[in-house]
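All residue numbers in the sequence shown are consecutive under my numbering, ending with 156. Working notes, beginning with the structure itself.
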Amino acid sequence: MEYTIRDSFDVSADRYWEVFFSDAYNAGLWPALEVDYKPLQFERTGEGKDLRIIRSQELTPHRQAPKAIQKMVSGTVRYEEKNDFSAADSAMKVVTIPNFAADRVDNHGTYRVVRMGDDKCERIWEGVCKVKIPLVGGQIEKYLVGEIQESYRKATDYTRSFLKENA
């Protein structure tokens, strides 16, 4: 399943990324998404257009997973999210690895921020979610994409609020 999520923000693309990677923003984002967040890796190299950030984090949603997923997990559903950001491209490659059926779940995409003017940008998520599990793969894909779409909706609301409060 391929899908796209688009949202605009009244801020420059550079400011968007600056906020996105800030500790203050992330301290409020994850509770707003009802997700426990544990940083695993953060490497920042270069400056300006040469900036590159490699980040990895463990995410644990507070929501109950559907029974099809619960049967494959011992304990809590968690995900490791791996990010590779390039300032030159104003984009971040994202791979999300679940703690269940990781060899049969392909969940990845590109998170881009496009300049729409001096103080306006558009965030574009182009995602792919493929689950190769007989009988329930399609149901799990729909669930995961639905969760991602809802998370982006909440993240958009939180981000707009954060940007207003931290102009």
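Glycine included, each C-beta is placed from N, C-alpha and C at the ideal position. Remember, predicted model here, so these are calculated numbers, not experimental data.
Worksheet item: Do the region 53 to 70 and the region 30 to 41 meet, that is, are 3 or more Cβ pairs less than 8 Å apart?
Response: The answer is no - the region 30 to 41 does not touch the region 53 to 70, with fewer than three Cβ pairs under 8 Å.
Fill in: Short CB-CB distance (under 8 Å) between Pro87 and chain D
Looking at the structure shown, chain D is missing, and only one protein chain is on hand.
Practice prompt. Figure out for me which residue from Glu70, Leu152, Ala2 and Ala156 has the closest Cα to the Cα of Lys27.
Written response: Working through the sequence shown from its first residue, we reach residue 27 at position 38. Of the candidates Glu70, Leu152, Ala2 and Ala156, Glu70 places its Cα closest to the Cα of Lys27.
Worksheet entry | Cutoff 6 Å; reference Ile113; Cβ partners in own chain excluding five residues on either side | Position 124 of the sequence shown, counted from the start, is the residue given in the question as residue 113. Hits under 6 Å: Arg(-5) and Arg101.
Discussion item. Can you find the residues in the same chain that come closer than 8 Å, C-beta to C-beta, to Val134, ignoring five residues on each side of it along the sequence?
Written reply: Taking the sequence shown and counting its residues from 1, the one referred to as residue 134 is at position 145. Within the same chain, Val134 has close Cβ partners Met(-10), Tyr(-8), Gly116 and Cys118.
Fill in: One or two residues paired with Tyr132 in a DSSP bridge
What you label residue 132 is simply residue 143 of the sequence shown in a count that begins at 1. The partner list for Tyr132 (beta bridge, DSSP) is empty, contrary to what the question assumes.
Discussion item. Helix, strand or coil for Gln53? Go by DSSP, reduced to three states.
Written reply: Position 64 of the sequence shown, counting from 1, holds the residue named residue 53. If DSSP states are grouped into helix, strand and coil, Gln53 belongs with coil.
Discussion item. By the DSSP assignment, the beta strand (DSSP E) with Lys80 in it spans what residues?
Written reply: By 1-based counting over the sequence shown, the position of residue 80 is 91. For clarity, residue 80 is Ala in the given sequence; the question names Lys instead. Its beta strand (DSSP E) spans residues Ala80 to Pro87.
Item to complete: State the beta-bridge partners of Thr99 as determined by DSSP.
Response: Reading the sequence shown from its first residue, position 110 is the one you call residue 99. Bridge partners of Thr99: Lys82 and Glu115.
Fill in: C-alpha gap between Met105 and Leu124, whole angstroms
The sequence position of residue 105 within the sequence shown is 116, counting from 1. The sequence position of residue 124 within the sequence shown is 135, counting from 1. Whole-angstrom Cα-Cα distance: 43 Å.
Item to complete: Alpha carbon to alpha carbon, how far is Ala13 from Thr148? Give it in angstroms, no decimals.
Response: The residue given as residue 148 occupies position 159 in the sequence shown. The residue given as residue 13 occupies position 24 in the sequence shown. Spanning the two alpha carbons is a distance of roughly 12 Å.
Discussion item. In the DSSP output, what is Val24 paired with across the bridge?
Written reply: In the sequence shown, residue 24 corresponds to position 35, counting from 1. Residue pairing by DSSP places Val24 opposite Pro50 in a beta bridge.
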